[in-house]
Amino acid sequence: MVLASLVLVLEGESPPEPLGLRGFFYGLLKEVAPQVHDQGENPFSLGFGGGEKGYWARIGLLREELYGKLSPRIFALEGQKVRLGKPFLVKAVLQEGHPWAGLSTYPRLFQAPEGPDLPLRFFSPTFFRRKGVHYPMPEPRLVLESLLRRLEALASLPAPEGVREALLERTGVRWFEGKTVRADGEVEAVGFVGRVVYHLPRATEEELAWLWALGRFAFYAGVGAKTSLGFGRVRPFSPRREGEQGLPGGPVG
Numbered sequence: 002m003v004l005a006s007l008v009l010v011l012e013g014e015s016p017p018e019p020l021g022l023r024g025f026f027y028g029l030l031k032e033v034a035p036q037v038h039d040q041g042e043n044p045f046s047l048g049f050g051g052g053e054k055g056y057w058a059r060i061g062l063l064r065e066e067l068y069g070k071l072s073p074r075i076f077a078l079e080g081q082k083v084r085l086g087k088p089f090l091v092k093a094v095l096q097e098g099h100p101w102a103g104l105s106t107y108p109r110l111f112q113a114p115e116g117p118d119l120p121l122r123f124f125s126p127t128f129f130r131r132k133g134v135h136y137p138m139p140e141p142r143l144v145l146e147s148l149l150r151r152l153e154a155l156a157s158l159p160a161p162e163g164v165r166e167a168l169l170e171r172t173g174v175r176w177f178e179g180k181t182v183r184a185d186g187e188v189e190a191v192g193f194v195g196r197v198v199y200h201l202p203r204a205t206e207e208e209l210a211w212l213w214a215l216g217r218f219a220f221y222a223g224v225g226a227k228t229s230l231g232f233g234r235v236r237p238f239s240p241r242r243e244g245e246q247g248l249p250g251g252p253v254g
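Every number in this note's numbering is 1 more than the matching position in the sequence shown, counting from 1.
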């Protein structure tokens with residue numbers, strides 16, 4: 002039931018290319034787990050970032066058997082040169098000690114929900130397939146349905162029907178700050194980046210546990226379409242820590 006996000010700290014002149022990163026990862030999959038392509042919901046996500054101080058790529062692994070097969074191969078990349086569209090030196094492979102690295106389990110996602118407000122920050126363009134087009138708005142139903150579908154499929158853990166209805170029908174937006182931006186790379190789409198606080202009123206303990214499990218799962222899985230190209234990179238944030246004016250939990254001017 003392990004979930005993992007492994008970060009490759011890179012030395013190079015520019016960020017990885019989305020198709021280059023995906024092609025490299027597919028090469029690893031072909032070596033150790035070629036059957037993954039035929040399993041429906043992707044049991045992985047990819048992402049990248051950084052700047053002048055250095056670049057990084059991340060690999061989210063959403064099934065324990067995939068982590069068991071791939072992680073030794075990924076950790077062995079330290080000190081090696083790889084091509085992620087462009088050539089890079091892998092300076093380190095991290096499972097902790099980086100904002101986008103982490104290790105958890107599916108049961109742990111459900112522990113200690115933090116209340117009826119779920120704050121999510123969308124770091125890379127996020128969009129959804131809707132009526133044959135890419136739709137760039139982080140509507141509660143679209144976000145939670147995307148996460149719920151993948152969590153149920155990958156953890157073999159169906160949500161109780163009453164919980165599913167509460168999440169998809171009652172969850173609203175309490176606070177919103179963001180913008181639409183054009184997705185870079187090979188995808189012709191516009192996506193959303195920014196922060197949203199989702200709110201589930203009159204929530205039971207079970208409903209809150211599922212709400213927060215989905216929010217924590219988003220860190221590993223991503224949200225929406227094309228998460229294998231680095232889109233939909235999302236994580237919960239702390240309104241109190243970020244201290245935004247007018248944001249629930251932050252100071253009000």
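Don't be surprised by glycine CBs; every beta carbon is placed ideally from N, CA and C.
Do the CB positions of residue i and residue j come within less than 8 angstroms of each other?
{"i": "L78", "j": "L152", "result": "no"}
{"i": "L85", "j": "A5", "result": "no"}
{"i": "E18", "j": "K87", "result": "yes"}
{"i": "L201", "j": "R171", "result": "yes"}
{"i": "F123", "j": "V194", "result": "yes"}
Can you list, in chain order, the residues of its chain whose CB lies under 7 angstroms from that of residue i, leaving out five sequence neighbours each side?
{"i": "R142", "result": "L169"}
{"i": "R234", "result": "G48, F124, S125, G223"}
{"i": "E65", "result": "M2, V3"}
Give the C-beta separation of residue i and residue j to the nearest angstrom, bearing in mind that I take them to be a contact with Cβ-Cβ under 8 angstroms.
{"i": "G216", "j": "L121", "result": "6 angstroms"}
{"i": "K70", "j": "V33", "result": "4 angstroms"}
{"i": "A318", "j": "H135", "result": "Residue 318 falls outside the range modelled here, since the chain spans only 2 to 254, and no answer is possible."}
{"i": "P240", "j": "G192", "result": "About 23 angstroms separates the two Cβ atoms, so there is no contact after all."}
{"i": "W101", "j": "R74", "result": "Not really, about 20 angstroms apart at Cβ, beyond 8 angstroms."}
Closest by CA to residue i, which one among the options?
{"i": "E140", "options": "R74, K227, V197, E208", "result": "V197"}
{"i": "L11", "options": "F89, F76, L145, L29", "result": "F89"}
{"i": "F232", "options": "Q81, E115, F129", "result": "F129"}
{"i": "E115", "options": "Y199, A160, V224, A190", "result": "Y199"}
{"i": "W176", "options": "E207, E162, L119", "result": "L119"}
{"i": "P159", "options": "F76, A214, A222", "result": "A214"}
{"i": "L230", "options": "M2, S15, L7, Y27", "result": "Y27"}
{"i": "G179", "options": "S157, D185, M138", "result": "M138"}
Quick one: what's got a C-beta closer than 8 angstroms to residue i's C-beta in the same chain, skipping five residues either side?
{"i": "E42", "result": "R150, R151, A154, L155"}
In chain order, what residues of the same chain lie with their CB nearer than 6 angstroms to the CB of residue i, ignoring the 5 residues before and after it?
{"i": "L20", "result": "E187"}
{"i": "L261", "result": "Given that the chain is displayed from residue 2 to residue 254, the structure contains no residue 261 and the question cannot be resolved."}
{"i": "F238", "result": "P120, R122"}
Below 7 angstroms, is the gap between the Cβ of residue i and the nearest heavy atom of the ligand FAD?
{"i": "P159", "result": "As far as ligands go, the structure on display features none, and thus does not contain the ligand FAD."}
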